[in-house]
Amino acid sequence: MKTISDPTLLSEVRRYGRFDVDACYNCGSCAAVCDLAEDSALFPRKCMRYVQMGLREPLLRSLDPWLCYYCGDCAQTCPRQTEPGESMMTLRRWLTAQYDWTGISSRLYTSVAWQLGALAAAAALVAGLLQALVFHWDAPLTHVALNTFAPARAVHTFDLTVATLLTALLGTYVLRMFWLTVYRGGTAQVPLASFIEEAQILVLHGATQKQFLECAEPGRWFESRWIKHFLLVSGYAIMFALVVVFLEWFQTDTVHPFWHPQRLLGYYAAAVLVVFLSEALWGRIMKKEQMHKFTDLSDWAFPVLLWLTAVTGIIVHVSRIGGFPQATYAAYAVHLVVAITMLITVYPFGKWSHVVYRPLAMYFHAVKKNALRRQPQPVG
Ligand code: SF4
Ligand code: SF4
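Residue numbers (the numbering used here): -13 to 366.
Here it is, written out as structure tokens:
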């Protein structure tokens, strides 16, 4: 395939965040220090060279930015302070926009006005639809009747419909990612057997984000960022399942005893979300860790909306237990508007999509390596 240099690539990538490569003299220290880089994925240097040289096609085909977990080691080592880890973050935003054929992710990542406008428009739309289809403000005020104010079946139908439509849209982005990085971007024909043999990678990394653990000090996993990230993901996976799949079991007017699984699961999810999101947001404010030094507005939207979802959920629960109907209804209305607005603006178009792209990138990377191993070796 003929490779054409595109002089606009660098300025285009820079619209997605910091990408300081002018001082880079290609010494390779960043790739040498990275615990996750390997011969077949020499990041972060290789992708930075692609951008410097305007090589759009190889960059589009690359999975390397997804294999980086932004530990920051390369930034400590770079003799030119070019922040290579942040460049990989910028490339992940750029790649997310390339997989999104609608162009919405690109608009959201490159324009603050678009991000704020989309949040406001989505919140107004969700509030209007919930008001028309779900909320009953004439619910009793003598006691808490949450299922009269917002019947679980109506809420469930609403959030399941939104989640299904958005998942179908994200599915088309995943197909585009596959087409760009494996089908069009393969260095070998990939047989079905390679996909089957490496399927456990998809399951393992999707469930545990295990690659992140490689960045931890040997034997110190319990104090690594991986364990916090794992607990946080477990919290929102449980909350997502309770709200989108099992809402009619989760939202009851009966207040179950403390030890009931409905309450214990809700308490666990709310606790890890509030604790670890508060810590992450504080880290972004203080900018002490390398990964928080250059946060973009798009990096704030997901944790802030998720934190608000968890906190308003706790307020609903406390008001319900305390027997305050008006406070419960108002808090639940805000809770649903925030949660569904987050789903619409962040799930397929923003940071949330990383939960899908990262394990898929690990999988596609392993599948491509598997296919290369299967190629006949030259004799002699
Ligand atoms: S360590 Fe810095 S100067 Fe060296 S290749 Fe990496 S980014 Fe460039
Ligand atoms: S931030 Fe960490 S994982 Fe990412 S390229 Fe740099 S050293 Fe590797």
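Note that the Cβ used here is the ideal one computed from N, Cα and C, for glycine as well. For clarity, every value in this text was computed on a predicted model and none was experimentally measured.
Extent of the continuous alpha helix (DSSP H) to which residue i belongs
i: Arg31; result: Arg31 to Gln38
i: Glu72; result: Pro70 to Tyr85
i: Ser264; result: Pro247 to Met272
i: Ser210; result: Ser210 -> no alpha helix (DSSP H), and no H or E assigned at all.
i: Leu127; result: Premise fails: Leu127 is in no alpha helix (DSSP H) and is neither H nor E.
i: Gly114; result: Val98 to Leu119
i: Trp235; result: Leu233 to Phe236
i: Val304; result: Leu283 to Gly308
i: Asp59; result: Asp59 to Thr63
i: Val148; result: Ala138 to Phe164
i: Arg1; result: It is not in any alpha helix (DSSP H) - Arg1 carries neither H nor E in the DSSP assignment.
i: His351; result: His340 to Arg360
i: His191; result: Ala185 to Thr194
i: Ser15; result: Ser15 to Val19
i: Ala423; result: The question about residue 423 has no answer, for the chain in this structure spans -13 to 366.
i: Glu404; result: Absent from the model: residue 404. The displayed extent of the chain is -13 to 366, so no value can be given.
i: Asp50; result: Asp50 to Leu53
i: Phe135; result: Leu132 to Phe135
Buried versus exposed, by CB contacts within 10 Å (16 or more), residue i
i: Lys274; result: exposed
i: Phe244; result: exposed
i: Leu178; result: exposed
i: Thr147; result: exposed
i: Leu49; result: buried
i: Arg344; result: buried
i: Gln361; result: exposed
i: Cys13; result: exposed
i: Ile330; result: buried
i: Gln67; result: exposed
i: Gln195; result: buried
i: Arg170; result: exposed
i: Leu81; result: buried
i: Glu234; result: exposed
i: Gly71; result: buried
i: Gly221; result: buried
i: Asp239; result: exposed
Residue i vs residue j beta-carbon contact at 8 Å
i: Ala118; j: Tyr318; result: no
i: Arg206; j: Phe198; result: no
i: Val30; j: Ala18; result: Note that residue 30 is Pro in the sequence shown here, rather than Val. No; because the gap between Cβ atoms is not below 8 Å, this pair is not in contact.
i: Ala266; j: Thr295; result: no
i: Pro247; j: Leu263; result: no
i: Gln276; j: Gly3; result: no
i: Tyr36; j: Tyr85; result: no
i: Leu188; j: Thr327; result: no
i: Tyr95; j: Arg79; result: yes
i: His321; j: Thr298; result: yes
i: Val120; j: Val141; result: yes
i: His122; j: Met348; result: no
i: Phe218; j: Leu259; result: Note on residue identity: the sequence assigns Leu, not Phe, to residue 218. Yes, the pair counts as a contact, with Cβ atoms nearer than the cut-off.
i: Val112; j: Val323; result: yes
i: Val353; j: Glu184; result: yes
i: Thr76; j: Phe5; result: yes
i: Ala255; j: Ile300; result: no
i: Val130; j: Arg306; result: yes
i: Gln101; j: Leu283; result: yes
beta-carbon residue i near ligand 2 non-hydrogen atom, thresh 7 Å
i: Tyr56; result: yes
i: Ala256; result: no
i: Pro243; result: no
i: Ala370; result: Not covered by the structure: residue 370. The range shown for the chain is -13 to 366.
i: Val19; result: yes
i: Asp145; result: no
i: Asp6; result: no
i: Asp59; result: yes
Ligand 1 heavy atom lying under 7 Å from the CB of residue i
i: Tyr11; result: yes
i: Thr76; result: no
i: Thr63; result: yes
i: Thr247; result: Residue 247 is actually Pro in this sequence, not Thr. For ligand 1, not one heavy atom lies less than 7 Å from the Cβ of Pro247.
i: Ser15; result: yes
i: Pro70; result: yes
i: Arg31; result: yes
i: Met34; result: yes
i: Arg66; result: yes
Stretch-stretch touch, CB-based, cutoff 8 Å, three pairs: the region 320 to 335 with the region 87 to 98: yes
Stretch-stretch touch, CB-based, cutoff 8 Å, three pairs: the region -11 to 8 with the region 32 to 43: yes
Any 3 or more C-beta pairs closer than 8 Å across the region 303 to 319 and the region 119 to 128: yes
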